[in-house]
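Heads up, the sequence shown is in this note's numbering, so the first residue is 1 and it goes up one at a time. Note that the Cβ used here is the ideal one computed from N, Cα and C, for glycine as well. Predicted, not measured: the structure shown is a model, and the values here were computed from it. Input: a single structure, listed below in structure tokens.
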Amino acid sequence: MVHLRYIPEAGIKDEEGADRAPKSPRIGQRTAVELTVERIKALRHSGRTYQLANGKEALAREIVWDRAVPGLGLRLAPSGRHSWVVRYRLRQGWRIATLGAYGRLTLKGARDAARVKTAEHIKTGVDPFARAARGLPWPELAERVWAEYRVTRKPATLVSLRHALAAAAKDFGSRPVDEITHRDVVRAVARWTREKGPIAANTYLAFVSKAFQIARRQGFLDTEKPLPSDRVQRNPTARKRELNLSPGDIERLGVALAQEEAGRPEAADAVRAVKLLALTGCRRREITLLRWREVDLEGGAIRLTDSKTGPRLVPLSTAPRALLASLDRGGPDDLVLPQAEPRITYAWRRIRERAGLPGLRLHDWRHHHISVGLSAGFSLALVGRIAGHTNPSTTARYEHVQLDPLRGPAERISSSIAAMLEGEPKAEVVELPRLGA
Numbered sequence: 001m002v003h004l005r006y007i008p009e010a011g012i013k014d015e016e017g018a019d020r021a022p023k024s025p026r027i028g029q030r031t032a033v034e035l036t037v038e039r040i041k042a043l044r045h046s047g048r049t050y051q052l053a054n055g056k057e058a059l060a061r062e063i064v065w066d067r068a069v070p071g072l073g074l075r076l077a078p079s080g081r082h083s084w085v086v087r088y089r090l091r092q093g094w095r096i097a098t099l100g101a102y103g104r105l106t107l108k109g110a111r112d113a114a115r116v117k118t119a120e121h122i123k124t125g126v127d128p129f130a131r132a133a134r135g136l137p138w139p140e141l142a143e144r145v146w147a148e149y150r151v152t153r154k155p156a157t158l159v160s161l162r163h164a165l166a167a168a169a170k171d172f173g174s175r176p177v178d179e180i181t182h183r184d185v186v187r188a189v190a191r192w193t194r195e196k197g198p199i200a201a202n203t204y205l206a207f208v209s210k211a212f213q214i215a216r217r218q219g220f221l222d223t224e225k226p227l228p229s230d231r232v233q234r235n236p237t238a239r240k241r242e243l244n245l246s247p248g249d250i251e252r253l254g255v256a257l258a259q260e261e262a263g264r265p266e267a268a269d270a271v272r273a274v275k276l277l278a279l280t281g282c283r284r285r286e287i288t289l290l291r292w293r294e295v296d297l298e299g300g301a302i303r304l305t306d307s308k309t310g311p312r313l314v315p316l317s318t319a320p321r322a323l324l325a326s327l328d329r330g331g332p333d334d335l336v337l338p339q340a341e342p343r344i345t346y347a348w349r350r351i352r353e354r355a356g357l358p359g360l361r362l363h364d365w366r367h368h369h370i371s372v373g374l375s376a377g378f379s380l381a382l383v384g385r386i387a388g389h390t391n392p393s394t395t396a397r398y399e400h401v402q403l404d405p406l407r408g409p410a411e412r413i414s415s416s417i418a419a420m421l422e423g424e425p426k427a428e429v430v431e432l433p434r435l436g437a
């Protein structure tokens, strides 16, 4: 990241023709030397001071100039946090600009950067730092976005954000944000679509758009002009990707689950997780990352301390409660299904292939759970509360009031699915029409 700080000074030459630090009470005199890594490690600020106009003393700015690359210097700090600078001349006089901190920028990197900036200045006659001074480099904007998001967003969101920002760094480099164009964003989204797929590209576009909004809010983009991400077309995706499962589909899935558990004992936790997803309508990580302190078998509830919509209560009906009761209970912070998260993806692929449903996602269990409840005649609000679509405001005093009206619908939904998984034809089942039928 380039920090810009212009210091107009006058430069001189010594008798041998070597560059010397400009004469100024603020800058200690140091003749240019051949900088090496060993020599840099030994450099220290001399402690020299100068007097300010108000009579107070301040430490002088000391710069060691590199003889190998004219104009390159190492600014010494009393704290030891030295920085690379480059000196060049404009019509207004000499200027010194910071290239970067020593440590982040090596000796070779600083020499290369100084040569590039000097060559650009000689070729164009323009201040090589003037353009960057007006804009915010993309890497710095990415840092600001991360700082804003990491405080309030869920861990899963932060993982997606980190991937998006890393990809954007390849697309936009260190360019100032006010020089990134609409075409640049279109090309970046097209690349993501080819390499990662349409859904991942849409997520990337959402994060990049948010970054530009932050840049505009902080004054780095003109409020009167459209953002580079404006009017970039999202990839079309089917709004209803979930599949409606028939009783026959669920019976085949029940058989496939039993076969998976019998044939692969190491996948037992993954199989149990799939069953709990089907029986509770929970989200994947609400089950695979469930801890025993959140399981209240006596109260018949899962008390999630955190979820996509915040803390919530999940009513436990007979089937999922029996499944959880059959497990060896660990400590409060232990995972209920410790092997579920690392194995569930591959186990689920095998299960759905065996059942003849290769396109079925784990999240489709949640959609099916909700559909069964609505088809049974329960209200949208009631089923939504079971599924956790709204943030519940609960207290210990009123928890039983919140849970009681949910137990009946949860019991019927879960029992219906459990019966089909076990292949019991006498269960009360609601036939759902398939999409496109």
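Less than 8 Å between the C-beta atoms of residue i and residue j, yes or no?
i: A355; j: L276; result: no
i: A62; j: H45; result: According to the sequence displayed, residue 62 carries Glu and not Ala. Yes.
i: L297; j: R321; result: yes
i: V274; j: W348; result: yes
i: I40; j: L107; result: yes
i: V86; j: L76; result: no
i: P139; j: S83; result: no
i: V64; j: L90; result: no
i: A164; j: V208; result: yes
Mapping the DSSP letters down to three states, classify residue i as helix, strand or coil.
i: Q438; result: The first residue shown for the chain is 1 and the last is 437, placing residue 438 beyond what the model contains.
i: S83; result: strand
i: A376; result: coil
i: R223; result: Note on identity: in this sequence residue 223 is Thr, with Arg being the wrong assignment. T223 falls in the coil class under three-state DSSP.
i: V336; result: coil
i: P155; result: helix
i: G408; result: helix
i: I302; result: strand
i: I96; result: strand
i: T49; result: strand
i: P236; result: coil
i: D171; result: helix
i: V274; result: helix
i: L327; result: coil
Between the alpha carbons of residue i and residue j, how many angstroms are there, rounded?
i: A206; j: Y346; result: 29 Å
i: C282; j: R187; result: 38 Å
i: D171; j: T193; result: 14 Å
i: A97; j: V159; result: 36 Å
i: P78; j: G47; result: 7 Å
i: R246; j: H368; result: In the sequence under discussion, the amino acid at residue 246 is Ser, which differs from the Arg named in the question. Computed Cα separation, rounded: 10 Å.
i: A418; j: R183; result: 52 Å
i: P226; j: R216; result: 10 Å
i: E286; j: H363; result: 12 Å
i: P176; j: P228; result: 12 Å
i: A258; j: D306; result: 31 Å
i: G103; j: W94; result: 26 Å
i: R350; j: L337; result: 19 Å
i: A101; j: R81; result: 7 Å
i: L35; j: L59; result: 23 Å
i: L74; j: T118; result: 16 Å
Nearer than 7 Å: is that true of the beta carbon of residue i relative to any heavy atom of the ligand COA?
i: A319; result: The ligand COA is not part of the structure shown, which contains no ligands of any sort.
Per DSSP, which residues does residue i bridge with? Please list them.
i: R75; result: I63, S83
i: A58; result: Y50
i: Y149; result: Note: Y149 sits in no beta bridge, so no partner.
i: V314; result: I302
i: Y102; result: L105
i: R89; result: W94
Any contact between the stretch 293-311 and the stretch 369-376? By contact I mean 3 or more CB pairs, one from each, below 8 Å. no
Are at least three pairs of beta-carbons, each pair with one atom in the stretch 208-226 and one in the stretch 257-273, less than 8 Å apart? no
Would you say the stretch 99-113 touches the stretch 63-75, given that touching needs at least three Cβ pairs under 8 Å? yes
Indicate whether the contact test is met: 3 or more Cβ pairs, each with one atom in the stretch 258-266 and one in the stretch 303-312, closer than 8 Å. no
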